[in-house]
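Engineer: Handing you a structure now.
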Amino acid sequence: MMGVEIIRPGLLTTVQDEGRMGFRRYGVSVGGVMDSFAARAANILVGNSRREAVIEITMAGPELRFQKDQLISLCGADLSAAVDRQRVPLWRPVLLRAGSILKFGVCRHGMRAYMALAGGIDVPEVMGSRSTDLKTGIGGMHGRALRTSDVLTAGMISDEVQQWIRVMAMHAGENESMAAPSWRLSERNGPGYDGRPVIRVMPGQDSSYFEADSLKQFYAGDYVVLPQSDRMGYRVQGAKLELAQPLQRLSEAVSYGTVQVPTDGQPIVLMADHQTIGGYPVIAQTAAVDLPILAQAKPGTRFSFAPITKEEARNLYVKREKELQLMDQMIRRKMAAWEAV
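Residue numbers (our numbering): 24 to 364.
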């Protein structure tokens, strides 16, 4: 079956979706995409549902050969993607013609790019998800990162998307390796990856056990993402945080964005592949809308924490969900209008 052939796999390229829900009580982490906004936007741009699996590309991207015409989109980090030395635009639907070779180059900003294929990545579901869990070796392409000579195929494509592909092929012409509409998702629609991020957090269950000065420093000082960070957790360095007195606690459930403080006083922010329980004191919980920003922070990135209430975090999440739904409607109208041109 024809699809997308991996010529060179890059640093860490995996198949991911929204994760493996409902199995944490058995010790199975949710996993899934690190930047849920970019992955979902990529799916929207090619007419997919939010559940479809995408390719998560970390820092140094792969080289891919398209064995047939394929409607794709790239969102998230700018890793200098190009076909025939022509830049492939981000945040747009793009038709790549059969035989095209997509190469990634310098990482210009961000950490992770997401590539969606119209129809989604067709790998078997394991426990309700296509996400690759590298620790347990399940999901994705045989439970591992993509390798040279792997071939990924797309799932079923709706009649609506097939019509988009036919129209874009006409716009491309026979000698063009790709085609894309002139419009794109505005950066104003996204979480914003540039600059020095401010990550909003809610007080954690153990925040009252920390010394007052430590709590003040947690919100006033800067932290730096360390190279030891990965999909399981971000180790960050900044003001040392200390408890007012020793705290004896049992391991309890943790989630994506939980900020733990081990004995060295330097926080760890749990990321998508985090363990299901943890025993370190929890000083804060990251607001869900800011997790995509943190996911794009590469080692060396300076950022700060800012307090937010649960109600504010909930309202921001609801607002983001509405924006994504409007985005989906807008893209479908734009693509339908392009058909009529």
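For each residue, glycine too, the CB sits at the ideal point set by N, CA and C. Only a predicted model underlies this, so the values are computations on that prediction, with no experimental measurement involved.
Using CA coordinates, which residue listed in Ala-262, Ala-243, Tyr-279, Tyr-232 is at the minimum distance from Arg-272?
Structural biologist: Position 249 of the sequence shown, counting from 1, holds the residue named residue 272. Nearest C-alpha to Arg-272: Tyr-232.
Engineer: Fully enclosed by the stretch 137 to 212, which alpha helix (DSSP H) runs are 4 residues long or longer?
Structural biologist: Complete alpha helix (DSSP H) runs here, min 4: 182 to 195.
Engineer: Excluding the 5 residues preceding and the 5 following Trp-361 in the sequence, name in chain order all residues of the same chain whose CB lies nearer than 7 Å to its CB.
Structural biologist: For the purposes of this step, residue 361 is taken as residue 338 along the sequence shown, with counting starting at 1. Here the set comprises Val-190, Pro-204.
Engineer: For Phe-89, which beta-bridge partners are listed by DSSP?
Structural biologist: Counted from its first residue, the sequence shown places residue 89 at position 66. Note: Phe-89 sits in a beta bridge opposite Val-27.
Engineer: Do Asp-40 and Gly-99 have their CB atoms nearer than 8 Å?
Structural biologist: To locate residue 40, count along the sequence shown from 1; it is residue 17. To locate residue 99, count along the sequence shown from 1; it is residue 76. Cβ atoms of Asp-40 and Gly-99: not closer than 8 Å.
Engineer: Select from Leu-119, Leu-87, Met-164 the residue whose C-alpha is nearest the C-alpha of Trp-187.
Structural biologist: Here residue 187 refers to the residue found at position 164 of the sequence shown. Selected option, being the one with the closest Cα: Leu-119.
Engineer: Looking at the secondary structure, which residues open and close the beta strand (DSSP E) in which Arg-325 lies?
Structural biologist: As a working note, residue 325 is residue 302 in the sequence shown. 325 to 330 is the span of the beta strand (DSSP E), which, as asked, contains Arg-325.
Engineer: Can you list, in chain order, the residues of its chain with a C-beta nearer than 6 Å to that of Lys-263? Leave out the 5 residues immediately preceding and following it.
Structural biologist: Translated into positions along the sequence shown, residue 263 becomes position 240. Contacts found: Gly-288.
Engineer: Along the beta strand (DSSP E) that carries Leu-118, what are the first and last residues, could you check?
Structural biologist: Taking the sequence shown and counting its residues from 1, the one referred to as residue 118 is at position 95. Element bounds for Leu-118: 116 to 119.
Engineer: Output yes or no for whether 8 Å exceeds the beta carbon distance between Leu-208 and Met-350.
Structural biologist: Residue mapping note: residue 208 aligns to position 185 of the sequence shown, counting from 1. Residue mapping note: residue 350 aligns to position 327 of the sequence shown, counting from 1. Their beta carbons are under 8 Å apart, which means Leu-208 touches Met-350 by this criterion.
Engineer: Return the Cβ separation of Thr-155 and Gly-166 in integer angstroms, given the expectation that the two are a contact with Cβ distance under 8 Å.
Structural biologist: The count along the sequence shown starts at 1 and reaches residue 155 at position 132. The count along the sequence shown starts at 1 and reaches residue 166 at position 143. About 6 Å; that satisfies the 8 Å criterion.
Engineer: In the DSSP assignment, the alpha helix (DSSP H) including Gln-240 goes from what residue to what residue?
Structural biologist: As a first step, residue 240 must be located in the sequence shown, where it is residue number 217. Residues 235 to 243.
Engineer: Under the DSSP definition of a beta bridge, which residues are partnered with His-132?
Structural biologist: Position 109 of the sequence shown, counted from the start, is the residue given in the question as residue 132. In DSSP, His-132 forms a bridge with Asp-101.
Engineer: According to DSSP, what are the bridge partners of Arg-219?
Structural biologist: Along the sequence shown, read from residue 1 onward, the residue named residue 219 stands at position 196. Beta-bridge pairing links Arg-219 to no other residue.
Engineer: Below 6 Å CB to CB, which residues in the same chain sit around Leu-169 once its five sequence neighbours on both sides are set aside?
Structural biologist: Working through the sequence shown from its first residue, we reach residue 169 at position 146. Excluding residues within five positions, the ones whose Cβ falls inside 6 Å are Ile-29, Pro-32, Thr-36.
Engineer: Measuring CA to CA, which of Glu-334, Gln-251, Gly-163, Ser-237 is closest to Pro-322?
Structural biologist: Taking the first residue of the sequence shown as position 1, residue 322 is located at position 299. Closest option to Pro-322, Cα to Cα, is Gln-251.
Engineer: Which residue from Val-305, Thr-299, Ile-300 puts its Cα closest to that of Ile-291?
Structural biologist: As a position in the sequence shown, residue 291 is number 268, starting the count at 1. Nearest C-alpha to Ile-291: Val-305.
Engineer: Contact check, Leu-249 vs Gln-260 under 8 Å by CB: the rounded distance?
Structural biologist: Reading the sequence shown from its first residue, position 226 is the one you call residue 249. Reading the sequence shown from its first residue, position 237 is the one you call residue 260. Right, their Cβ atoms sit about 6 Å apart.
Engineer: For the structure I just gave you, are there three or more beta carbon pairs, one from the stretch 229 to 244 and one from the stretch 131 to 150, closer than 8 Å?
Structural biologist: No, the stretch 229 to 244 does not touch the stretch 131 to 150.
Engineer: Quick one, which of Arg-355, Gly-301, Val-341, His-297 has its alpha-carbon nearest Leu-157's?
Structural biologist: As a position in the sequence shown, residue 157 is number 134, starting the count at 1. Comparing Cα positions, the closest option is His-297.
Engineer: For Leu-440 and Thr-309, I'd like the C-alpha separation in whole angstroms.
Structural biologist: Outside the shown range of the chain, which is 24 to 364, sits residue 440, and nothing can be said about it.
Engineer: Between the Cα of Ile-180 and the Cα atoms of Pro-285, Asp-145, Ala-235, which residue gives the shortest distance?
Structural biologist: Reading the sequence shown from its first residue, position 157 is the one you call residue 180. Comparing Cα-Cα distances from Ile-180 to each of Pro-285, Asp-145, Ala-235, the minimum goes to Asp-145.
Engineer: Please classify Gln-283: does DSSP put it in a helix, a strand, or coil?
Structural biologist: Start at 1 with the first residue of the sequence shown, and residue 283 comes out as number 260. Here Gln-283 sits in strand by DSSP.
Engineer: Answer yes or no: do Phe-326 and Tyr-242 have a C-beta to C-beta separation smaller than 8 Å?
Structural biologist: For the purposes of this step, residue 326 is taken as residue 303 along the sequence shown, with counting starting at 1. For the purposes of this step, residue 242 is taken as residue 219 along the sequence shown, with counting starting at 1. No; because the gap between Cβ atoms is not below 8 Å, this pair is not in contact.
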